[in-house]
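Worksheet: one structure, shown below.
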Amino acid sequence: SPGRASWTEVVPERPGVRLNFTDVHRGHVVLGQRSDGLQRLEVFDSASRELHVVAQPDSAYTAFPGSHPDYESGVMRFFYTSLTAPWQAVDYDMRTRARTIVKEQPVRGGYNRDDYVTERLWARGKDGVEVPISIVYRKGERSGASPLVLYGYGAYEQSNDPMFDPARLSLLDRGFAFAIAHVRGGGEMGREWYEDGRLLHKRNTFDDFIACAEHLVARGYTRPECLAIRGRSAGGLLVGAVLNARPDLFGCAVAQVPFVDALTTMLDDKLPLTVNEYDEWGNPAELDYYQYIESYSPYDNVHPADYPALLVTGGLNDPRVSYWEPAKWVAKLRTVNRGERPIILKTQMGAGHTGPSGRYESWREEAFVMAFVMSRFGIDV
Numbered sequence: 002s003p004g005r006a007s008w009t010e011v012v013p014e015r016p017g018v019r020l021n022f023t024d025v026h027r028g029h030v031v032l033g034q035r036s037d038g039l040q041r042l043e044v045f046d047s048a049s050r051e052l053h054v055v056a057q058p059d060s061a062y063t064a065f066p067g068s069h070p071d072y073e074s075g076v077m078r079f080f081y082t083s084l085t086a087p088w089q090a091v092d093y094d095m096r097t098r099a100r101t102i103v104k105e106q107p108v109r110g111g112y113n114r115d116d117y118v119t120e121r122l123w124a125r126g127k128d129g130v131e132v133p134i135s136i137v138y139r140k141g142e143r144s145g146a147s148p149l150v151l152y153g154y155g156a157y158e159q160s161n162d163p164m165f166d167p168a169r170l171s172l173l174d175r176g177f178a179f180a181i182a183h184v185r186g187g188g189e190m191g192r193e194w195y196e197d198g199r200l201l202h203k204r205n206t207f208d209d210f211i212a213c214a215e216h217l218v219a220r221g222y223t224r225p226e227c228l229a230i231r232g233r234s235a236g237g238l239l240v241g242a243v244l245n246a247r248p249d250l251f252g253c254a255v256a257q258v259p260f261v262d263a264l265t266t267m268l269d270d271k272l273p274l275t276v277n278e279y280d281e282w283g284n285p286a287e288l289d290y291y292q293y294i295e296s297y298s299p300y301d302n303v304h305p306a307d308y309p310a311l312l313v314t315g316g317l318n319d320p321r322v323s324y325w326e327p328a329k330w331v332a333k334l335r336t337v338n339r340g341e342r343p344i345i346l347k348t349q350m351g352a353g354h355t356g357p358s359g360r361y362e363s364w365r366e367e368a369f370v371m372a373f374v375m376s377r378f379g380i381d382v
């Protein structure tokens with residue numbers, strides 16, 4: 002009988018665990034889940050009724066299942082990466098728990114992952130919530146004076162999971178650390194994590210990011226004058242908001258195609274995406290949302306201060322964040338800035354929201370951003 006009365010509970014619902022995927026093998030069930038801010042894999046043994054987490058070599062990583070055409074094999078294939086591990090296809094024997102790397106993304110230049118350290122940290126937020134941080138740096142390079150790039154996004158329930166990026170090695174090999182602040186508004190810690198970082202709770206995103214920055218300074222990973230922050234699109238809004246709140250906490254910032262004129266954009270329902278965005282930011286035609294968006298919108302909260310060095314990019318053909326948003330934000334910042342550090346606007350005349358197209362153009366854009374950040378900390382590029 003297919004009715005509910007005939008069902009058997011295999012794995013119960015668990016607080017803090019979000020089930021994303023299941024796959025059935027003979028004698029085993031594979032679960033792809035998210036808990037403690039990480040994508041994890043679990044295997045249920047139907048004979049012993051035991052459930053175990055697939056052990057991984059890094060403390061901060063991303064793992065998700067691949068396709069499994071052989072029902073009888075007892076072997077699961079999954080994909081794995083971390084801040085130090087290039088993308089891998091891994092075969093996992095669900096009986097012996099042995100893992101075999103079948104293929105790994107090649108990295109040029111004699112890369113050795115053992116030369117780098119990745120860690121998982123937790124910062125206490127303004128309201129007591131523990132916010133995860135993923136960080137990577139080269140062995141022997143950690144010090145309170147080391148430059149560090151802190152990345153954040155925190156919107157649309159998008160999870161910024163720790164993944165390998167060969168371009169990042171250029172920073173790490175010059176003494177930088179790189180960290181991701183998994184702030185509320187993203188999906189790293191489940192649906193509630195997202196709900197607590199949108200609409201009338203959006204300020205939690207910014208408070209969490211500041212808490213992560215302060216934690217990294219307090220734990221001796223960097224100093225405020227050596228701390229660079231970076232965000233793109235809604236992450237650019239995050240960068241703009243925290244620069245207004247704590248310009249003293251950062252030495253450098255990069256905001257790419259930033260959504261910084263949030264109030265004006267959300268008031269214009271003739272723009273192509275505004276109405277769809279009401280679910281994320283709210284409709285400012287309603288007074289509560291108007292006042293709340295106005296309270297954090299980066300453009301509306303620019304004030305006289307000594308702002309950090311700032312690189313802002315825009316795309317002339319961007320349909321999501323119109324080019325005039327970063328342009329007017331930069332103009333206002335330059336008017337009130339009390340410091341001497343540069344505020345640079347680079348408008349890409351042939352690019353849209355995701356940056357320039359072409360085989361090499363995205364690499365050139367990344368090189369430009371890295372060169373800006375390195376130059377601010379006196380590193381020869």
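If you want my numbering, it's the position in the sequence shown, counting the first as 1, plus 1.
Built from N, CA and C at the ideal position, the CB exists for glycine as well.
Computed from a predicted model, the values in this text were never measured in an experiment.
Closest Cα partner of residue i within the set the options
i    : options                : result
I181 : C253, W364, K104, L84  : L84
Q89  : A229, V103, A99        : V103
H69  : R35, D381, D92         : D92
R321 : N277, S36, L201        : N277
L239 : T336, P225, F260, L228 : F260
G186 : A214, P167, L172, Y157 : Y157
R224 : S234, A242, A178       : A178
V241 : M267, S160, K271, Y154 : Reading off the sequence, residue 241 comes out as Gly, not Val. Selected option, being the one with the closest Cα: Y154.
F65  : A86, W364, R35         : R35
A310 : V30, R27, I230         : I230
H304 : L201, E120, V243       : V243
Y279 : L200, S147, Y293       : L200
Q159 : S147, G188, A332, R175 : G188
R143 : N284, M95, V218        : V218
S323 : F210, S234, V130, G4   : S234
E226 : G379, G252, H216, A214 : G252
L42  : A372, G28, G67         : G67
V337 : E367, A212, N302       : N302
D71  : H53, G176, R27, P285   : R27
9 Å Cβ cutoff met for residue i and residue j
i    : j    : result
T82  : F165 : yes
A263 : Y300 : yes
V184 : V258 : no
L173 : R139 : yes
R204 : S296 : yes
L151 : F210 : yes
T119 : A61  : yes
P248 : D319 : no
M77  : V25  : no
Neighbour-count burial assignment, residue i, 16 or more Cβ in a 10 Å radius
i    : result
L149 : buried
W8   : exposed
W330 : buried
P167 : exposed
V382 : exposed
N245 : buried
S135 : buried
G356 : buried
V255 : buried
G198 : buried
E326 : buried
D162 : buried
Short CB-CB distance (under 9 Å) between residue i and chain D
i    : result
S296 : Of the protein chains in the structure, only one exists, and it is not chain D.
Does the region 49 to 63 touch the region 13 to 22, meaning 3 or more C-beta pairs lie closer than 8 Å? no
Ignoring anything shorter than 3 residues or poking outside the region 322 to 372, list the beta strand (DSSP E) runs there in chain order. 344 to 349
As an exercise, report each continuous beta strand (DSSP E) stretch of at least 3 residues that is fully enclosed by the region 98 to 163, in chain order. 100 to 105, 117 to 125, 131 to 139, 149 to 153
Pair every Cβ in the region 192 to 202 with every Cβ in the region 106 to 118, then say whether three or more of these pairs are closer than 8 Å. no
With a threshold of 8 Å, are at least 3 pairs of Cβ atoms found where one atom belongs to the region 108 to 117 and the other to the region 341 to 359? no
contact_flag[the region 311 to 327, the region 344 to 361] where n(CB pairs < 8 Å) is 3 or more: yes
Tell me whether the region 117 to 137 and the region 43 to 50 touch, counting them as touching only if at least three CB pairs, one residue from each stretch, are closer than 8 Å. no
Whole beta strand (DSSP E) elements within the region 198 to 271, 3-residue minimum: 228 to 233, 253 to 257
Could you tell me which uninterrupted alpha helix (DSSP H) segments, each at least 4 residues in length, are contained entirely in the region 277 to 302, listed from first to last along the chain? 279 to 282, 288 to 297
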